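In UniProt numbering, the protein residues as written are 1 to 195. Ideal Cβ positions, reconstructed from N, Cα and C, are used throughout, including at glycine. If you're wondering where the values come from, they're calculated on a predicted model, not measured in any experiment. Below: one structure, written as structure tokens.
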Amino acid sequence: MLDIENANLQRITRHLLKKYQERFYTYPAASSHHHNFASGLSYHVLTMLRIAKSICDIYPLLNKSLLYSGIILHDIGKVRELSGPVATSYTVEGNLLGHISIASDEVVEAARELNIEGEEIMLLRHMILSHHGKLEYGSPKLPYLKEAEILCYIDNIDARMNMFEKAYKKTDKGQFTDKIFGLENRRFYNPESLD
Numbered sequence: 001m002l003d004i005e006n007a008n009l010q011r012i013t014r015h016l017l018k019k020y021q022e023r024f025y026t027y028p029a030a031s032s033h034h035h036n037f038a039s040g041l042s043y044h045v046l047t048m049l050r051i052a053k054s055i056c057d058i059y060p061l062l063n064k065s066l067l068y069s070g071i072i073l074h075d076i077g078k079v080r081e082l083s084g085p086v087a088t089s090y091t092v093e094g095n096l097l098g099h100i101s102i103a104s105d106e107v108v109e110a111a112r113e114l115n116i117e118g119e120e121i122m123l124l125r126h127m128i129l130s131h132h133g134k135l136e137y138g139s140p141k142l143p144y145l146k147e148a149e150i151l152c153y154i155d156n157i158d159a160r161m162n163m164f165e166k167a168y169k170k171t172d173k174g175q176f177t178d179k180i181f182g183l184e185n186r187r188f189y190n191p192e193s194l195d
């Protein structure tokens with residue numbers, strides 16, 4: 001959290017993490033596909049932050065405060081979209097509004113409660129609203145910030161790696177995985193010769 005140097009972004013991020021602390025650390029990131037296990041949401045965010053740190057070390061043009069706060073809060077709406085940590089399903093609110101709009105509204109409410117005004121609120125909301133990367137994937141906006149574009153890629157890398165990990169655990173060497181729905185129903189080969 002100390003790597004979020006922008007005071008407004010740090011205050012909003014801390015506020016929402018504190019507000020949803022128990023759920024954030026126990027809920028899955030999804031009901032299926034990726035990180036669909038208890039504490040999957042926090043694990044997903046932590047892994048994304050590790051990826052982001054490496055990317056920011058290579059590309060200092062990226063604003064760490066915006067990228068890190070966007071990563072931490074991009075899926076915070078899941079704590080209201082999903083029903084709980086185990087055998088989760090979608091809530092009525094989750095079905096009708098979805099985690100993206102819920103999270104964007106949470107940022108607005110947090111900023112109001114903390115008496116924060118300024119461009120950072122709009123930028124953070126854009127990070128959340130665009131994190132699926134494409135309109136057809138559920139984002140109401142395409143990414144128009146470099147940090148939003150990178151957030152989308154980091155999210156995809158971590159989600160895909162989690163799907164690979166699950167599929168390869170149950171696939172013998174020299175065999176193909178079952179079809180992976182989140183990866184266009186493709187089957188992937190598990191090479192015999194590579195360790």
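Here residue 137 carries a helix assignment [DSSP, helix/strand/coil]. Fewer than three beta-carbon pairs drawn from the stretch 92–99 and the stretch 145–157 are found closer than 8 Å, and the two stretches are therefore not classed as touching. For residue 116, no alpha helix (DSSP H) run applies, since DSSP gives it neither H nor E.
When DSSP states are grouped into helix, strand and coil, residue 164 belongs to the helix group. Exclusion of the five residues before and after residue 89 leaves 31, 82, 83 as the residues of its chain whose Cβ lies within less than 8 Å of its Cβ.
Here residue 137 is exposed. Its C-beta has fewer than 16 other C-beta atoms within 10 Å. One alpha carbon belongs to residue 60, the other to residue 149, and they sit about 15 Å apart. Judged by DSSP in its simplified three-state form, residue 68 adopts helix.
Rounded to whole angstroms, the gap between the alpha carbons of residue 22 and residue 195 is 39 Å. Fewer than three Cβ pairs drawn from the stretch 44–58 and the stretch 119–139 lie within less than 8 Å of each other, which leaves the two stretches out of contact.
By the Cβ test, the stretch 104–118 is in contact with the stretch 8–19, since at least three Cβ pairs between them sit closer than 8 Å.
Beta-bridge partners assigned by DSSP to residue 14: none are found.
When DSSP reads this structure, residue 189 sits in a beta bridge with 176.
DSSP places residue 82 within a strand segment (E or B) once states are collapsed to three. Pairing residue 78 with residue 41 gives a Cβ-Cβ distance under 7 Å. Three or more pairs of CB atoms, one per stretch, sit closer than 8 Å, so the stretch 160–169 contacts the stretch 177–184. Contact between residue 67 and residue 147 is confirmed by a C-beta separation of about 4 Å, below the 8 Å threshold. CA-CA distance, residue 91 to residue 76, rounds to 15 Å. Under the 10 Å beta carbon count, residue 192 is surrounded by fewer than 16 other beta carbons and is classified as exposed. Straight through space, the alpha carbons of residue 63 and residue 173 are spaced by roughly 42 Å.
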